[in-house]
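Novice:
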Amino acid sequence: MPATTTSIGLRALQDRQVAFIDLSCRRCDTCRDGGPLWCPVRDGDRELGLVAPAALAEQLRDALLCAAGIDEALPRTFDPAPVLITGATARAVALFTHAGVEPIIADIPESEVRARLAERHESGRAGLVIATDDLRQAVKAVRRGSTVVGAPGAALPSVTEVVQREVAIVVPRSIDALVERVTGVRWDAAIAALHTEDAA
Ligand SMILES: [Zn+2]
1080 MPATTTSIGL RALQDRQVAF IDLSCRRCDT CRDGGPLWCP VRDGDRELGL
1130 VAPAALAEQL RDALLCAAGI DEALPRTFDP APVLITGATA RAVALFTHAG
1180 VEPIIADIPE SEVRARLAER HESGRAGLVI ATDDLRQAVK AVRRGSTVVG
1230 APGAALPSVT EVVQREVAIV VPRSIDALVE RVTGVRWDAA IAALHTEDAA
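Per the working numbering, the sequence shown starts with residue 1080, numbered consecutively.
1. Which residues in the same chain have their Cβ closer than 6 Å to the Cβ of A1210, if we skip the five residues on either side of it in sequence?
2. Going by DSSP, name the residue or residues bridged to I1184.
3. When the distance is taken between beta carbons, is A1268 closer than 8 Å to L1139?
4. With burial defined as no fewer than 16 other Cβ atoms inside 10 Å of the residue's Cβ, what is the status of G1179: buried or exposed?
5. Mind checking whether the beta-carbon of P1251 lies closer than 7 Å to any heavy atom of ligand 1?
6. Please report the distance separating the alpha-carbon of P1081 from that of D1212.
7. Tell me the residue span of the alpha helix (DSSP H) that contains R1195.
8. For M1080, name the three-state secondary structure that DSSP assigns.
And the structure:
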């Protein structure tokens, strides 16, 4: 990813809770060009209505970024199905995606992931892979000419790996539409899913 500093900020609340804040200025060229997530000014202060335990804030932020990346990638990917989500926050990312996507979540044995991919596409590979942790693995799992989405900070593949597989790596540009979609039930479900993973 080009940078790891986004315009998603956190504000400490009582009882070890944090509120997610949109810091984008909404005035600069980057914001007006549809990429407020990478606003370099970051003097905004807009409550997003998303509150979470502080201990889960980083994971939820990564999940939000990955889900926003899916929104960005879907219209640009010729044949995105099946969608594969990998990494520690995959369950949360899946909860944040559009209802119609029906992703395969790679928190099951690898042989099972392969079987499910093969069921849905003759190539046995995904058309769109989302990696919360490791984009190198994601590049290997995607079909030639397809799309990979990663959270800022995820391990990057080499240029050779990207070129050889003709893969496009997509970064999210905005979380505006996503926030509208996840506020409430899906947000609470994602917190519950991450709690469960921590306990497991
Ligand atoms: Zn800006």
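Glycine included, every Cβ here is placed at the ideal spot set by N, Cα and C.
Specialist: In this structure, then:
1. Counting from one through the sequence shown, the residue named residue 1210 turns up at place 131. Once the five neighbours on either side are set aside, the close Cβ partners of A1210 are T1165, G1166, A1217, G1229, A1233.
2. In the sequence shown, counting from the first residue as 1, residue 1184 sits at position 105. I1164, per the DSSP bridge assignment.
3. Translated into the one-based positions of the sequence shown, residue 1139 becomes position 60. Translated into the one-based positions of the sequence shown, residue 1268 becomes position 189. Contact flag unset, no.
4. The residue given as residue 1179 occupies position 100 in the sequence shown. Burial call: exposed.
5. Numbered from its first residue, the sequence shown carries residue 1251 at position 172. Result no, Cβ not under 7 Å from ligand 1.
6. As a first step, residue 1081 must be located in the sequence shown, where it is residue number 2. As a first step, residue 1212 must be located in the sequence shown, where it is residue number 133. Note that P1081 scores 40 on pLDDT, short of 50, meaning its location in the model is unreliable; the coordinates nonetheless yield the value given after this. Taking the straight line from one Cα to the other gives about 16 Å.
7. Position 116 of the sequence shown, counted from the start, is the residue given in the question as residue 1195. First-last of the alpha helix (DSSP H) with R1195: 1189 to 1199.
8. Start at 1 with the first residue of the sequence shown, and residue 1080 comes out as number 1. Note that M1080 scores a pLDDT of 37, beneath 50, so its modelled location is shaky; the value from the coordinates is reported in the next line. It is coil, neither helix nor strand.
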